[in-house]
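Student:
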Amino acid sequence: MSAPASSTSTSTATRIVIAGAGPAAQALVAQLDRARFTGTVTVLSNRDDTPEELLELAMLPQVSVRFGQPASHIDPANRTVATADGMEFAYDHLVIATGSAPVAGPVDGAAQCLNYATIDDAPRVAKGVQKVARELGRRPVGILVGTGAAAGQAEAVLRAKGVRPIRTTARPAAIIPAVVSGTSARQAASAVVFEDGSSMTGDLVVMAEERVSRDGLAASAGLQTAPGGGIVISRDYRTSVQGIWAIGDAAAFDGVRLGLLVAAASAAGACATQLLSAAAEAPALQAA
C-alpha cells in the first residue's frame, strides 16, 4: 500500500475530482503533478481560508481549488459531485479525502499541548519531546491522554524518545501550559486538570484521543463503510464503487483508520500510481 507514484502520462480528457483539501489531498495533487499528469484535477475544499500550501497547488496549470465549496452529494451513476452551493463537477475518477474529526469537543488549552492523531504526527511529537528534553536537561515525564490505537502509537513514540509516559484514560477538563522560569513559557503543556478538581503534572502533555472518519458523504452515495467508521478500501485504495477511491483518515483498511496505518504521502503516492494506470487504460478500452 505504499508504492511510489510512477511517471505515466495520461489523456488530457481525464478528470480527477478530490473531495477534501487536507494533507492527504494535498499530497495526492503533488504526486500527480510530479508524475506529469496531463488531465485536470479539481479540489473541493471545505475551508473558507486560503492557506499557503493550497494556494501553491492552485497555481498549478492543471489544478483548480474550489475554496469553501465542500462536496455535499455524489452521483456515482452519472459520475458527478455536487457542492453545498449547487455547483456540479463531472469526474472520471473521484478521490474522497475528507479526513476525520475528534469524537469529543476540544479541551480548554489543548492547542498548547502535543497532539497525536495519525502516523504523520509522530515526527512532530518527537521534535516537541526533544525540545523539552533539551530545556530540562533530563529525561522528561509525559502525560498521555487517550485510549485506542492512536494512544498506543503515541506511547511508542514517547518511549522511543526517552519519555516516561503516564497514561490516563480520563478526559481532562483543561490543560495547563508549562512555565520554565519566571514568566517564560514553553510551547508544551505540563499538566492536566480533571472535572473533579484533581490534576496530574509532568513535563509535557500529549493528547491522543479517539477520532471518527468523516465518511458521511461516501455512505450517502452507497459506498461501503466499516462498522467502526471509515470508507472501506482495498489495497489499491479503491472503494466498493467503481471510479471512486479514498485516502487519508476518511478511509479504513481492515477496520482501522488509514491514517494510523500509512503516512499521507505514501498513501497519496500509491493512489496516484493506481489513478494514472486507470487513466491510461481507459482510452485503450474505449478503442477496443
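In terms of full-length UniProt numbering, the sequence shown opens at residue 1 and continues consecutively.
Backbone N, C-alpha and C fix where the C-beta goes; we use that ideal spot for every residue, glycine too.
Quick caveat: nothing in here was measured; it's all calculated off a predicted structure.
With a 10 Å radius around its C-beta and 16 neighbouring C-beta atoms as the bar for buried, classify His93 as buried or exposed.
Tutor: The residue labelled residue 93 in the question sits at position 93 within the sequence shown. Burial call: buried.
Student: One question on the structure: do Ala268 and Ala35 come within less than 8 angstroms of each other, judged by their Cβ atoms?
Tutor: On the sequence shown, position 268 is the one that residue 268 refers to. On the sequence shown, position 35 is the one that residue 35 refers to. Not a contact, by the Cβ cut-off of 8 angstroms.
Student: Report the option in Ala24, Gly137 and Leu204 whose CA atom is closest to the CA atom of Ala111.
Tutor: Taking the sequence shown and counting its residues from 1, one reaches residue 111 at position 111. Nearest C-alpha to Ala111 among Ala24, Gly137 and Leu204: Leu204.
Student: Could you give the distance in angstroms between the alpha-carbon of Ala151 and the alpha-carbon of Glu209?
Tutor: Start at 1 with the first residue of the sequence shown, and residue 151 comes out as number 151. Start at 1 with the first residue of the sequence shown, and residue 209 comes out as number 209. Computed Cα separation, rounded: 7 angstroms.
Student: Have a look at the DSSP bridge pairing and note the partners of Val43.
Tutor: As a working note, residue 43 is residue 43 in the sequence shown. Ile18 and Val65, per the DSSP bridge assignment.
Student: Starting from Leu258, trace the alpha helix (DSSP H) both ways and give me its first and last residue.
Tutor: Residue numbering aside, residue 258 sits at position 258 when the sequence shown is read from its first letter. Neither: Leu258 is in no alpha helix (DSSP H) and is coded neither H nor E.
Student: In angstroms with no decimal places, state the Cα-to-Cα distance between Gln153 and Arg238.
Tutor: Locating residue 153 in the sequence shown gives position 153, where the first residue counts as 1. Locating residue 238 in the sequence shown gives position 238, where the first residue counts as 1. In a straight line, the C-alpha of Gln153 is about 26 angstroms away from that of Arg238.
Student: Over what stretch of residues does the beta strand (DSSP E) that includes Leu144 continue unbroken?
Tutor: As a position in the sequence shown, residue 144 is number 144, starting the count at 1. For Leu144, the uninterrupted beta strand (DSSP E) run begins and ends at Val141 to Val145, by DSSP.
Student: Would Gly255 pass as a contact of Gly228 if the rule is Cβ separation under 8 angstroms?
Tutor: To locate residue 255, count along the sequence shown from 1; it is residue 255. To locate residue 228, count along the sequence shown from 1; it is residue 228. Against a cut-off of 8 angstroms, the Cβ pair of Gly228 and Gly255 comes out as a contact.
Student: For Asp196, does the count of other Cβ atoms within 10 angstroms reach 16, so buried, or fall short, so exposed?
Tutor: By 1-based counting over the sequence shown, the position of residue 196 is 196. When all chains shown are included, Asp196 counts as exposed.
Student: For the candidate residues Asp85, Val192, Ser213 and Ala126, whose alpha-carbon lies nearest to that of Gly109?
Tutor: As a first step, residue 109 must be located in the sequence shown, where it is residue number 109. Of Asp85, Val192, Ser213 and Ala126, the residue nearest in Cα terms is Val192.
Student: Grab me the residues of Leu114's own chain with a C-beta within less than 6 angstroms of its C-beta, minus the 5 sequence neighbours each way, in chain order.
Tutor: Indexing the sequence shown from 1 puts residue 114 at position 114. Close CB contacts of Leu114 within its chain, under the 6 angstroms cut and outside five residues either way in sequence, are with Val125, Gly128 and Val206 (chain order).
Student: How would you write the range of the alpha helix (DSSP H) that Leu204 sits in, first residue to last?
Tutor: Residue 204 sits at position 204 when you count from the first residue of the sequence shown. Per DSSP, Leu204 belongs to no alpha helix (DSSP H); it is in the beta strand (DSSP E), Leu204 to Met207.
Student: Measuring straight from C-alpha to C-alpha, what distance separates Ile247 and Phe194?
Tutor: Looking up residue 247 in the sequence shown gives position 247. Looking up residue 194 in the sequence shown gives position 194. If you take the alpha carbons of Ile247 and Phe194, they lie about 36 angstroms apart.
Student: To the nearest angstrom, report how far apart Pro106 and Glu281 are at their CA atoms.
Tutor: As a working mapping, residue 106 is identified with position 106 in the sequence shown. As a working mapping, residue 281 is identified with position 281 in the sequence shown. Spanning the two alpha carbons is a distance of roughly 46 angstroms.
Student: Give the DSSP-derived three-state secondary structure of Ser277 in the structure shown.
Tutor: Here residue 277 is taken as the residue at index 277 of the sequence shown, counted from 1. Note: Ser277 maps to helix in three-state DSSP.
Student: With distances taken Cα to Cα, identify the nearest neighbour of Tyr91 among Thr80, Pro23 and Ala101.
Tutor: Walking along the sequence shown from the start, residue 91 turns up at place 91. Selected option, being the one with the closest Cα: Thr80.
Student: Return yes when the Cβ of Ala218 is within less than 8 angstroms of the Cβ of Ile18, no when it is not.
Tutor: Counted from its first residue, the sequence shown places residue 18 at position 18. Counted from its first residue, the sequence shown places residue 218 at position 218. Not a contact, by the Cβ cut-off of 8 angstroms.
Student: Distance, Cα to Cα, Thr38 vs Pro61?
Tutor: The count along the sequence shown starts at 1 and reaches residue 38 at position 38. The count along the sequence shown starts at 1 and reaches residue 61 at position 61. Looking at the two C-alpha atoms, the distance is approximately 10 angstroms.
Student: How many whole angstroms separate the CB atoms of Thr201 and Ser190, which I take to be in contact at a CB cut-off of 8 angstroms?
Tutor: Counting from one through the sequence shown, the residue named residue 201 turns up at place 201. Counting from one through the sequence shown, the residue named residue 190 turns up at place 190. Correct: roughly 6 angstroms between the Cβ atoms.
Student: When you compare each of Ile176, Phe89, Thr98 and Ala71 to Ala24 by their alpha carbons, which one comes out closest?
Tutor: In the sequence shown, the residue the question calls residue 24 occupies position 24. With distances taken between Cα atoms, Ala24 lies closest to Thr98.
Student: Would Leu55 be called buried (16 or more neighbouring beta carbons within 10 Å of its own) or exposed?
Tutor: Counting from 1 along the sequence shown, the entry for residue 55 is found at position 55. By the neighbour-count definition (other C-beta atoms within 10 Å, threshold 16), Leu55 is an exposed residue.
Student: Are the CB atoms of Leu258 and Ala251 nearer to each other than 8 angstroms?
Tutor: In the sequence shown, the residue the question calls residue 258 occupies position 258. In the sequence shown, the residue the question calls residue 251 occupies position 251. Closer than 8 angstroms, so yes.
Student: For Thr169, is the classification buried or exposed, using 16 other Cβ atoms within 10 angstroms of its Cβ as the cut-off for buried?
Tutor: Along the sequence shown, read from residue 1 onward, the residue named residue 169 stands at position 169. Classification for Thr169: exposed.
Student: Return yes when the Cβ of Val163 is within less than 8 angstroms of the Cβ of Pro140, no when it is not.
Tutor: Here residue 140 corresponds to residue number 140 of the sequence shown, with the count starting at 1. Here residue 163 corresponds to residue number 163 of the sequence shown, with the count starting at 1. For Pro140 and Val163, yes; Cβs fall inside 8 angstroms.
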